[in-house]
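Student:
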Amino acid sequence: MTRTFRLAVLECDTPVAPVLEARGPYSEVFRQLLTKGQKDLGPKGSDVQLDITKWDVVANQSFPNVDEIDGLWLTGSKHTAFADDAWIVSLVEFVKKVLTTTKIPVVGICFGHQIIGRALGAKVGVSPGGWELSVNKIDLSEEGQKLLGVPSLGLHQMHRDAVLEVPEGLVCLGSSPKCEIQGLYQAGRLISFQAHPEFDEFIMSNILETRHNQKVFDDAMFEDGMARAQQQQDGVLVATTIWNLLLS
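Under UniProt numbering, think of the first position of the sequence shown as 1, with each following residue one higher.
1) Is the CB-CB distance between residue 155 and residue 197 below 8 Å?
2) If we count the other Cβ atoms within 10 Å of its Cβ and call it buried at 16 or more, is residue 169 buried or exposed?
3) Can you name, in chain order, every residue of its own chain whose Cβ lies under 8 Å from the Cβ of residue 270, other than the five neighbours on each side?
4) Please report the residue range of the alpha helix (DSSP H) in which residue 131 lies.
5) Just the Cα atoms here: how many angstroms apart are residue 16 and residue 57?
6) If we count the other Cβ atoms within 10 Å of its Cβ and call it buried at 16 or more, is residue 214 buried or exposed?
7) Residue ranges of each alpha helix (DSSP H) run of no fewer than 4 residues wholly in the region 97-163, ordered along the chain?
8) For the alpha helix (DSSP H) holding residue 237, just list the boundary residues, first then last.
9) Can you give me the start and stop residues for the beta strand (DSSP E) that residue 83 sits inside?
10) So the candidates are 12, 72, 8, 28; which of them puts its Cα closest to the Cα of residue 188?
11) Determine the direct distance from the alpha carbon of residue 91 to that of residue 227, and round the result to whole angstroms.
12) With a cut-off of 8 Å on the beta carbons, I'd call residue 140 and residue 108 a contact; round off their distance for me.
13) Using the three-state DSSP reduction, which class does residue 189 fall into: helix, strand or coil?
14) Among the residues of its own chain, which have a CB less than 8 Å from the CB of residue 38, if the five just before and after it don't count?
15) Can you grab the Cα-Cα spacing for the pair residue 31 / residue 53, in whole Å?
16) Please go through the same chain and pick out, in chain order, the residues whose beta-carbon is closer than 7 Å to the beta-carbon of residue 61, but skip the five residues on each side of it.
17) Between which two residues does the alpha helix (DSSP H) carrying residue 208 extend?
18) Smallest Cα separation from residue 150: which of 162, 11, 40, 237?
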């Protein structure tokens with residue numbers, strides 16, 4: 001019998017124009033990633049049908065009914081997770097409510113990872129390591145190695161902010177030279193990554209070009225990021241790991 005898994009994706013941003021045109025909004029980008037990750041689940045995932053609903057938490061500040069979903073996913077964003085814009089405060093409050101009053105598994109990516117940290121009382125701010133761009137190596141902690149089955153990951157990065165302390169009851173999944181907390185985890189409950197498992201060379205290259213044209217990145221940063229955009233990355237392994245948490 002087929003089981004439907006109802007995943008609510010809180011869209012915290014819109015992809016840059018070329019990515020939006022080619023791949024769709026972030027909810028669709030994550031659907032594509034999860035479809036790939038599901039193939040490696042074996043029998044556990046063969047009878048699962050993914051039903052994604054998308055929620056615009058920026059313009060509409062709309063949130064799902066927690067009684068009508070099986071999992072919650074927070075996307076990345078160009079916005080600042082520790083700002084006090086009304087929609088960000090509302091988002092933090094909603095995530096805190098989900099984490100403290102339900103058993104719904106929660107996933108956060110980049111900005112979403114930081115929002116989870118903030119909702120659980122951790123300090124979130126500008127990363128001491130500064131910008132981290134394109135494919136970088138993440139050295140996994142002991143807990144991260146047990147969970148993912150490898151000593152390290154290669155994943156795309158696109159951030160200048162970070163979670164600066166591990167919330168009580170969670171473990172850190174790994175670190176990189178520029179960012180000490182690359183992921184958070186609580187068994188059966190929560191997983192987040194500072195990196196972007198959903199990014200590939202096409203997505204990263206277009207973001208780099210857009211932000212270079214906007215003068216966010218100087219020539220050196222742009223060229224360094226572009227030189228690593230095509231490197232091998234482990235997004236599908238991360239997607240399979242996330243699936244295991246969602247279905248646990």
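We put the beta carbon where it would ideally sit given N, CA and C, even for glycine.
Tutor: Let's see:
1) yes
2) exposed
3) Only positions 1 to 248 of the chain appear in this structure, which leaves residue 270 out of reach.
4) Where residue 131 is concerned, there is no enclosing alpha helix (DSSP H), given that its DSSP letter is neither H nor E.
5) 17 Å
6) exposed
7) 111-119, 142-148
8) 235-246
9) Neither: residue 83 is in no beta strand (DSSP E) and is coded neither H nor E.
10) 72
11) 35 Å
12) Actually they are not in contact, since the Cβ atoms of residue 140 and residue 108 sit about 18 Å apart, beyond 8 Å.
13) coil
14) 45, 48, 50, 239, 240, 243
15) 10 Å
16) 87, 90
17) 201-213
18) 237
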